Ligand SMILES: NC(=O)c1ccc[n+]([C@@H]2O[C@H](COP(=O)([O-])OP(=O)(O)OC[C@H]3O[C@@H](n4cnc5c(N)ncnc54)[C@H](OP(=O)(O)O)[C@@H]3O)[C@@H](O)[C@H]2O)c1
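In the working numbering, the protein residues as written are 80 to 355.
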């Protein structure tokens, strides 16, 4: 854990739900932000109070109070609540605020319009649920009026709960289709591997744990060795052995094409929802 720099920004979270809670806890755990520099709000008293009490942050009833108390304002409400939140925040937001939105499908242009006619420093983020455990994967893009130094501020938040990558805004749909929807694809793979183990006689509990830990271990091998997944696959595939027999079955079933199609379908749906 590091100590935040003396010039560290003050953070405000509008919405104290699951994702805001993951980000606040992750930033405090990583030493990115001091709890005393964080203000959170939520219409549900229990949500804002429990987050504030559990993390040592300050709860505010009024979103404009959060804006006044922060340099970085994270909009962590559901997309359907965003229009009202932007309208409410419009008079309270200044050119000095960095606005970070994590709402799925809401474009930088829509956020900027909702905040008025003055140029605003806006960053749009697409996180995913494993952020709740500090293992998130996020894509983000900087709006046209964001400052170069805003990149590091956003990353200090996202990297506290996993990995993050900067992309151009149109690619956020692909991020949604891959890492946003991806946990569900991975759950299906884990469940199916577990079914395979049960079919071959393993107890369900052991089978599911073996399947999940195998995916976790393989993912760490990819991230920590930096080797190409194909190279790692070749390393565990001996001639005439068990793994090549299984791989042949996977190829016959079209598993690769199925996963590519899944990411494509989810990306297209994200773009459709964004337009709607
Ligand atoms: N969870 C994910 O996996 C995930 C992944 C990617 C992106 N996101 C995005 O992250 C955002 C937050 O998701 P979440 O899962 O954290 O949702 P959540 O748990 O429902 O949290 C949103 C919170 O914001 C509150 N809120 C609503 N209107 C508000 C207002 N006017 N002022 C202040 N707070 C307000 C909600 O209260 P009420 O319950 O009363 O409405 C709720 O407690 C969403 O836009 C979602 O698209 C989430």
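Backbone N, C-alpha and C define an ideal beta-carbon position, used for all residues, glycine too.
Keep in mind the model is a prediction, meaning the values are calculated, not measured.
Collapsed DSSP secondary structure at residue 180 in the structure displayed: strand
With DSSP as the reference, label residue 216 as helix, strand or coil. strand
Residue 148 - DSSP class collapsed to helix/strand/coil: It is coil, neither helix nor strand.
Excluding the 5 residues preceding and the 5 following residue 338 in the sequence, name in chain order all residues of the same chain whose CB lies nearer than 8 Å to its CB. 264
Can you name the start and end residues of the alpha helix (DSSP H) that residue 323 belongs to? 321-332
Below 6 Å CB to CB, which residues in the same chain sit around residue 359 once its five sequence neighbours on both sides are set aside? For the chain, the structure presents residues 80 to 355; residue 359 sits outside this window and is missing.
Exposed or buried, what is residue 319 when buried is set at 16 or more other beta-carbons lying within 10 Å of its beta-carbon? exposed
Which residues DSSP lists as bridging residue 98, in chain order: Under DSSP, residue 98 takes part in no beta bridge, so it has no partner.
Rounded to whole angstroms, what is the Cα-Cα separation between residue 154 and residue 92? Straight-line Cα distance between these residues: approximately 6 Å.
For residue 293, which residues of its own chain have a beta-carbon under 8 Å away from its beta-carbon, when the five flanking residues on both sides are left out? For residue 293, where only same-chain residues beyond five positions count, the Cβ hits under 8 Å are 272.
Can you tell which of 315, 242, 178 has the C-alpha that lies nearest to the C-alpha of residue 223? 178
At a cut-off of 7 Å, would you count residue 164 as near ligand 1, judging by its Cβ distance to the nearest heavy atom? yes
Mind listing, in chain order, the continuous beta strand (DSSP E) runs of no fewer than 3 residues lying wholly within the region 203-265? 215-221, 241-245
Taking only the alpha-carbon atoms, compute the straight-line gap between residue 269 and residue 209 and give it to the nearest angstrom. 15 Å
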